[in-house]
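A.B. asks:
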Amino acid sequence: MLKPVIGFRAATHADAGFAAATSTAAEPKHPQVAEELLEKWTKSEAGSAVRRFIVQESGVDRCWISLIQPRDVGGLTTYLNLLIPPASQHLIPAAIVFGEGQAREMGASVLICQVGEDSHQAVEWLRGHDWTQERKQRFWRLDLGVNADRIRELRSAAHKRIDTTDVVLRTVADLGGEAFLRRLHPVSHATVADIPMSVEYIPEPYEEWVVWMQPPAVLPERIWVAVLAAQPIGYSYLAYHPSSVWTGFTGVLREHRGKGFARALKLETLVQAIDLGVNAVETDNDSENAPILHLNEELGYEEMPGKLEFHRKLT
Ligand SMILES: CC(C)(COP(=O)(O)OP(=O)(O)OC[C@H]1O[C@@H](n2cnc3c(N)ncnc32)[C@H](O)[C@@H]1OP(=O)(O)O)[C@@H](O)C(=O)NCCC(=O)NCCS
12 MLKPVIGFRA ATHADAGFAA ATSTAAEPKH PQVAEELLEK WTKSEAGSAV
62 RRFIVQESGV DRCWISLIQP RDVGGLTTYL NLLIPPASQH LIPAAIVFGE
112 GQAREMGASV LICQVGEDSH QAVEWLRGHD WTQERKQRFW RLDLGVNADR
162 IRELRSAAHK RIDTTDVVLR TVADLGGEAF LRRLHPVSHA TVADIPMSVE
212 YIPEPYEEWV VWMQPPAVLP ERIWVAVLAA QPIGYSYLAY HPSSVWTGFT
262 GVLREHRGKG FARALKLETL VQAIDLGVNA VETDNDSENA PILHLNEELG
312 YEEMPGKLEF HRKLT
């Protein structure tokens with residue numbers, strides 16, 4: 012019998028429906044819809060160098076991969092995303108080798124591949140082929156039905172603590188709308204830099220950062236800001252996607268940490284999600300980010316399978 016021929020063709024926007032369906036089959040706990048994927052391709056990934064490919068077997072589309080080279084990471088570091096459903100796991104080695112070749116063409120010094128810790132085939136292949144596991148990203152889900160009353164009580168307690176300080180919590184809508192985001196940008200830089208990571212963080216210009224903070228996923232009334240003496244000192248937000256709702260990044264300036272501001276900001280987004288009728292919210296964090304892991308556990312988030320981050324030096 013002839014061996015099936017594995018091929019790769021560049022993906023176009025017309026492939027978004029196929030890509031969403033295969034992403035959902037690959038990661039059923041993170042379902043995707045075509046409009047959400049297109050939004051990501053055309054907006055949040057627009058500031059990165061990107062190559063996307065459909066993986067074919069004997070001319071039939073099976074799954075897809077992408078190479079993303081963001082500008083906020085040093086050394087032309089490139090991420091290889093594998094969207095390969097269980098039925099196509101035998102394509103993993105060819106997809107990774109092809110991705111490495113593409114990353115070399117893109118000038119990458121390091122290629123990073125995050126795979127589900129329960130994707131045993133991918134994990135074993137990477138471990139056996141000169142990839143090093145550098146980090147683990149932990150994923151969490153908070154059921155807002157079961158936890159609604161408890162979350163409201165925690166928010167009242169957090170408010171009482173904030174009331175003993177000069178800090179107030181406001182939304183970006185209260186603070187003047189989108190124009191205020193320019194003032195949050197430096198807070199983002201100062202706090203993202205403190206996330207445990209194995210790559211060099213290069214602060215992005217405002218125009219590239221702001222695409223993560225805009226409709227349809229993020230609205231000014233869903234970005235909560237801690238304000239001290241008219242200055243933003245921290246923020247947290249709710250990102251509303253068609254397939255899932257996420258509690259987005261939370262950051263508090265170093266000199267104001269340990270006073271309950273992150274807890275209070277996050278609780279505002281959670282009560283807002285409950286009031287919006289959201290069933291559950293998700294989030295993910297680096298496994299060495301002790302303060303936010305502690306907060307998520309305290310707030311009642313339940314852990315889901317995480318992702319292992321493998322690195323391969325290309326130069
Ligand atoms: C994570 C972060 C937002 C927390 O801000 P904060 O205002 O200090 O948080 P809070 O004071 O509300 O709560 C921090 C909690 O973590 C606990 N904590 C702090 N350091 C800890 C550690 N090393 N191990 C375990 N728990 C720790 C604190 O005791 C506190 O818990 P408590 O309220 O039960 O006492 C802040 O550290 C930050 O901006 N980090 C950089 C950005 C980041 O990593 N964001 C999270 C990724 S989304």
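Residue 60 in the working numbering sits at position 49 of the sequence shown, and the numbers go up by one each step. Virtual Cβ for every residue (Gly too), placed ideally from N, Cα, C.
Report whether the distance from the Cβ of GLU309 to the nearest heavy atom of ligand 1 is below 7 Å.
C.D. replies: For the purposes of this step, residue 309 is identified with residue 298 of the sequence shown, where counting begins at 1. Checking the Cβ of GLU309 against ligand 1 gives yes.
A.B. asks: Check whether the Cβ atoms of ARG149 and ASN296 sit closer than 8 Å, and answer yes or no.
C.D. replies: As a working mapping, residue 149 is identified with position 138 in the sequence shown. As a working mapping, residue 296 is identified with position 285 in the sequence shown. For ARG149 and ASN296, yes; Cβs fall inside 8 Å.
A.B. asks: Can you grab the Cα-Cα spacing for the pair ALA204 / ARG265, in whole Å?
C.D. replies: Counting from one through the sequence shown, the residue named residue 204 turns up at place 193. Counting from one through the sequence shown, the residue named residue 265 turns up at place 254. Distance between the alpha carbons of ALA204 and ARG265 is about 11 Å.
A.B. asks: Tell me where the alpha helix (DSSP H) around SER209 begins and ends.
C.D. replies: As a working note, residue 209 is residue 198 in the sequence shown. Looking at the DSSP string, SER209 is not in any alpha helix (DSSP H), and its letter there is neither H nor E.
A.B. asks: Could you please go through the chain and list the residues whose beta-carbon is closer than 6 Å to any non-hydrogen atom of ligand 1?
C.D. replies: Going by the Cβ distance cut-off, the answer is THR202, ASP205, ILE206, PHE260, THR261, GLY262, VAL263, ARG268, GLY269, LYS270, GLY271, PHE272, ALA273, ARG274, ASN296, ASN300, ALA301, PRO302, ILE303, HIS305, LEU306, GLU309.
A.B. asks: Could you round the C-beta distance between LYS277 and SER247 to whole angstroms and report it? I think they count as a contact, below 8 Å.
C.D. replies: For this step, residue 277 is matched to residue 266 along the sequence shown. For this step, residue 247 is matched to residue 236 along the sequence shown. Sure, about 5 Å apart at Cβ, within 8 Å.
A.B. asks: Quick check on the DSSP output: the alpha helix (DSSP H) that includes GLN283 runs from which residue to which?
C.D. replies: Taking the first residue of the sequence shown as position 1, residue 283 is located at position 272. Residues 272-286.
A.B. asks: On the premise that TRP235 lies in contact with THR294, defined as a C-beta separation below 8 Å, what is that separation, rounded to the nearest angstrom?
C.D. replies: Here residue 294 refers to the residue found at position 283 of the sequence shown. Here residue 235 refers to the residue found at position 224 of the sequence shown. 15 Å between Cβ atoms; not a contact.
A.B. asks: Using beta carbons (cut-off 8 Å, strictly below), is GLY156 in contact with chain D?
C.D. replies: Given the protein chain composition of this structure (a single chain), no chain D is represented.
A.B. asks: Is it a yes or a no for the segment 92-106 touching the segment 20-39, going by three-plus beta-carbon pairs under 8 Å?
C.D. replies: The segment 92-106, when compared against the segment 20-39, does touch it at the 8 Å Cβ threshold.
A.B. asks: Just checking, does the segment 103-116 make contact with the segment 75-87 on the three C-beta pairs under 8 Å criterion?
C.D. replies: They touch, by the three-pair rule.
A.B. asks: Hey, how far is the Cα of TRP315 from the Cα of ASP154?
C.D. replies: As a position in the sequence shown, residue 315 is number 304, starting the count at 1. As a position in the sequence shown, residue 154 is number 143, starting the count at 1. A small fix is needed here, since residue 315 is Met in this sequence, not Trp. Roughly 12 Å separates the two Cα atoms.
A.B. asks: Helix, strand or coil: which one does DSSP assign to MET2?
C.D. replies: Nothing can be reported for residue 2, as the shown portion of the chain is limited to 12 through 326.
A.B. asks: Residues bridged to PHE29 by DSSP?
C.D. replies: Along the sequence shown, read from residue 1 onward, the residue named residue 29 stands at position 18. BP columns for PHE29 are empty, so no partner.
A.B. asks: Would you kindly report the start and end of the unbroken beta strand (DSSP E) that includes ASP72?
C.D. replies: Numbered from 1 along the sequence shown, position 61 holds the residue referred to as residue 72. Looking at the DSSP string, the run of the beta strand (DSSP E) that includes ASP72 is 71-80.
A.B. asks: How big is the Cα-Cα spacing for TYR312 and CYS124?
C.D. replies: What you label residue 312 is simply residue 301 of the sequence shown in a count that begins at 1. What you label residue 124 is simply residue 113 of the sequence shown in a count that begins at 1. Computed Cα separation, rounded: 26 Å.
A.B. asks: Please return the same chain residues whose Cβ sits closer than 6 Å to the Cβ of ALA133, not counting the five positions on each side in sequence.
C.D. replies: Counting from 1 along the sequence shown, the entry for residue 133 is found at position 122. Closer than 6 Å at Cβ, skipping near neighbours: ILE103, VAL126.
A.B. asks: Let's test the definition: count the other Cβ atoms within 10 Å of the Cβ of ASP26 and tell me whether it reaches 16, buried, or not, exposed.
C.D. replies: For this step, residue 26 is matched to residue 15 along the sequence shown. Answer is buried; the Cβ neighbour count reaches 16.
A.B. asks: What does DSSP give as the partner residues of ARG20 in its beta bridges?
C.D. replies: Sequence index remark: in the sequence shown, residue 20 carries index 9 (1-based). Answer is ILE65, bridged to ARG20.
A.B. asks: Tell me whether the beta-carbon of ALA119 lies closer than 8 Å to the beta-carbon of THR88.
C.D. replies: By one-based count along the sequence shown, residue 119 stands at place 108. By one-based count along the sequence shown, residue 88 stands at place 77. Against a cut-off of 8 Å, the Cβ pair of THR88 and ALA119 comes out as a contact.
A.B. asks: Locate the alpha helix (DSSP H) running through LEU325, then write down its first and last residues.
C.D. replies: If you number the sequence shown from 1, residue 325 lands on position 314. No alpha helix (DSSP H) holds LEU325; DSSP gives it neither H nor E.
A.B. asks: To the nearest angstrom, how far is the alpha carbon of VAL210 from that of SER167?
C.D. replies: Taking the sequence shown and counting its residues from 1, the one referred to as residue 210 is at position 199. Taking the sequence shown and counting its residues from 1, the one referred to as residue 167 is at position 156. Going from the Cα of VAL210 to the Cα of SER167 covers about 38 Å.
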